[in-house]
Amino acid sequence: MISPAHPISRWSRIGFVVSAWLYAVGVIIQVFLAGLSVFNDATRWPDHVQFGQMVGGFTVLMVAFAVVGRLPWLIVGLAFAEFMLYGMQYPFALSSIGAMAALHAVNALIMFWLAITLAQRTQSLALSRATA
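Here the sequence shown stands for residues 7 to 138, numbered as in our numbering.
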């Protein structure tokens, strides 16, 4: 078993923080692309869809890095919750029920908040040589 002080654990923690920050930035870009499509040029909608598919990979990385980095189980659980929230974006966006579809935007706010929270709470663990 890999100890929390092992270099693999430390690099995984750094990977977690980087992935969380990049995911948060990705959510901001997603909101911009959606707004661009709605308020400026509807032909840009595929950019929002395709970028969203790409940025979701960070949620998988966050879960993997959290486990390998031996982060506290609360962080692992919240990283998995981020992955599940990302997965919920598809049924929300594809729903024919207006109120359900509107949850797509609300869920994006929650995902952004959670990514920022996870990045901030784990940054000190990633940058220190101390064990978790």
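Virtual Cβ for every residue (Gly too), placed ideally from N, Cα, C.
This one's a predicted model, so the numbers in the text were calculated from it and none came from an experiment.
- Separation of the CB atoms of Gly75 and Arg19 is rounded to 4 Å, and the pair is thereby assigned contact status at 8 Å.
- Straight through space, the alpha carbons of Ala121 and Ile14 are spaced by roughly 22 Å.
- CA-CA distance, Phe45 to Ser134, rounds to 45 Å.
- Distance from the CA atom of Ala107 to the CA atom of Tyr92, rounded to whole angstroms, is 14 Å.
- Put simply, of Ala132, Ser130, Ser102, Phe118 the residue whose alpha carbon is nearest the alpha carbon of Leu28 is Phe118.
- Comparing C-alpha distances from Met94 to each of Thr123, Phe22, Leu115, Ala48 shows the shortest one belongs to Leu115.
- Given a length threshold of 4 residues, each whole run of the alpha helix (DSSP H) inside the region 40-64 is given here in chain order: 51-61.
- Here Ala111 is exposed: its Cβ has fewer than 16 other Cβ atoms, across all protein chains shown, within 10 Å.
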